[in-house]
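So in our numbering the end of the sequence shown lands on 280, straight run, no missing numbers.
A virtual CB, placed ideally from N, CA and C, is assigned to each residue, including glycine.
Since the structure is predicted, the reported quantities are computational estimates derived from the model, not experimental observations.
Inspection log for the structure reproduced underneath, given as structure tokens.
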Amino acid sequence: MATGPQADGAASWPPFESLTAVEQTIWRRRSIRRFTEELVSPEVVERLLMAGMAAPSASNRRPWEFVVIDDVELLDKLQHRLVLGRYRPPLAIVVCGNLKRAYPPPGRDFWMQDCSAAAQNILLAATGLGLGSVWIGIHPVGLFVRAVSQLLGLPRGIVPLGALYIGHPAETRPPRTQHDATRVHHNGY
Ligand SMILES: Cc1cc2nc3c(=O)[nH]c(=O)nc-3n(C[C@H](O)[C@H](O)[C@H](O)COP(=O)(O)O)c2cc1C
């Protein structure tokens, strides 16, 4: 495993092959923005959602809801509303927070962490299934939140956190960590 920090703050990375399967999947998850036209099967979509809903959440409130989009016209409209997400996936999963299910004040904003954990689980599961994926941020950019809420007909109290674009990859990116020992503090800052 890692042999400790080097003078420049970077740790020497262990050989990729020595990592556990989970670690390898974490390192292999990279943002993929080019997809083939091959569709993602409903069975695979279900597995992705199961991975998402295996995430931890504050007080196990599970404040997440997911809008699965595979309609070509709707996907087109979605990417036009997300100026930083103008890629063409065959599938998008919009991860939303249901504020009524969220942890009560003062912990209400835990919903963002809960939904982010679910989103990351989906990205990792997609990687493990050989799919490419990228997270397109929505919340807290008001313009994006309003545009996506209107497009998907989200009721009040359902807030879109991010759109996960998923599909069969048409590009490859190398596995890596971005480990930086200068970001780590022991027993206090
Ligand atoms: C909250 C969040 C929002 C993001 N929004 C976008 C986005 O709008 N467009 C995009 O191309 N990538 C987006 N990304 C992906 C990041 O650009 C990407 O994770 C980062 O460059 C690191 O690369 P990697 O995912 O390959 O490790 C977002 C990622 C996160 C976590």
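Given a cut-off of 8 angstroms, decide if residue j and residue i are closer than it, judged by their beta-carbon atoms.
i: L214; j: I229; result: no
i: I123; j: P260; result: yes
i: L222; j: G258; result: yes
i: A112; j: A208; result: no
Taking the alpha carbon of residue i as the point to measure from, which residue in the options has its own alpha carbon closest?
i: D161; options: A149, L255, C187 and R153; result: L255
i: R119; options: Q211, A238, H276 and I249; result: Q211
i: S103; options: Y280, V135, N278 and D271; result: D271
Taking the C-alpha atoms as reference points, what is the distance between residue i and residue j?
i: V236; j: V250; result: 7 angstroms
i: G176; j: W155; result: 22 angstroms
i: W202; j: E129; result: 33 angstroms
i: P168; j: T273; result: Contrary to the premise, residue 168 reads as Lys rather than Pro in this sequence. Straight-line Cα distance between these residues: approximately 42 angstroms.
i: A163; j: L243; result: Sequence check: residue 163 is Val here, not Ala. Looking at the two C-alpha atoms, the distance is approximately 14 angstroms.
i: Q115; j: T127; result: 24 angstroms
i: A217; j: H276; result: 32 angstroms
Please classify residue i as buried or exposed, where buried requires at least 16 neighbouring CB atoms within 10 angstroms.
i: Q269; result: exposed
i: A98; result: Only weak support is given to the placement of A98: the predicted model assigns it a pLDDT of 45, under 50, and the question is left unresolved by the model.
i: Q241; result: exposed
i: T331; result: An answer regarding residue 331 cannot be provided, because it is not within the stretch 92 to 280 covered by the chain.
i: G248; result: exposed
i: G188; result: buried
> Is the region 191-199 touching the region 218-226 in the sense that three or more CB pairs, one from each, lie closer than 8 angstroms?
Replying inline: Put simply, the region 218-226 does not touch the region 191-199. Fewer than three CB pairs are less than 8 angstroms apart.
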